[in-house]
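This report concerns only the one structure given below.
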Amino acid sequence: MNKGKSIAEIHKDCVACGTCVKVCPRSALSVFKGVGVVVDREKCIGCGKCAKVCPAGVISIVGGASE
Ligand code: SF4
Ligand code: SF4
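So the mapping is simple: the numbering used here equals the position in the sequence shown, first residue as 1, plus 2.
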């Protein structure tokens with residue numbers, strides 16, 4: 003699914019600070035039960051803005067390379 007599409011992946015060390023949620027231009031991120039963040043795979047465009055601002059450095063942009 004979503005083959006060839008870049009997408010944000012949140013690692014388990016997320017501290018649920020919510021910083022990434024605020025910068026996502028597609029509103030693809032939401033804090034889950036105060037313990038982590040979930041990515042809406044349909045909305046995420048893999049722009050990487052969330053990864054740049056995450057203070058814990060736990061976001062990677064995966065997939066979407068050269069097919
Ligand atoms: S990569 Fe961009 S669109 Fe995807 S969750 Fe992060 S900020 Fe939102
Ligand atoms: S900015 Fe990083 S630590 Fe904060 S909620 Fe997002 S993924 Fe988790």
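We treat Cβ as the ideally placed atom computed from N, Cα and C, and that holds for glycine.
These figures come from a predicted structure and were not determined experimentally.
- Of the residues assessed, V17 falls on the exposed side of the cut-off, its CB having fewer than 16 other CB atoms within 10 angstroms.
- Between the alpha carbons of V25 and H13 lies a distance of about 18 Å.
- Secondary structure note for V41: it is in no alpha helix (DSSP H), and the uninterrupted beta strand (DSSP E) holding it is 38-41.
- With contacts defined as CB atoms closer than 8 Å, V60 and T21 fail to qualify as a contacting pair.
- Shortest gap from the CB of C49 to any heavy atom of ligand 2: 7 Å or more.
- Shortest gap from the CB of A10 to any heavy atom of ligand 1: under 7 Å.
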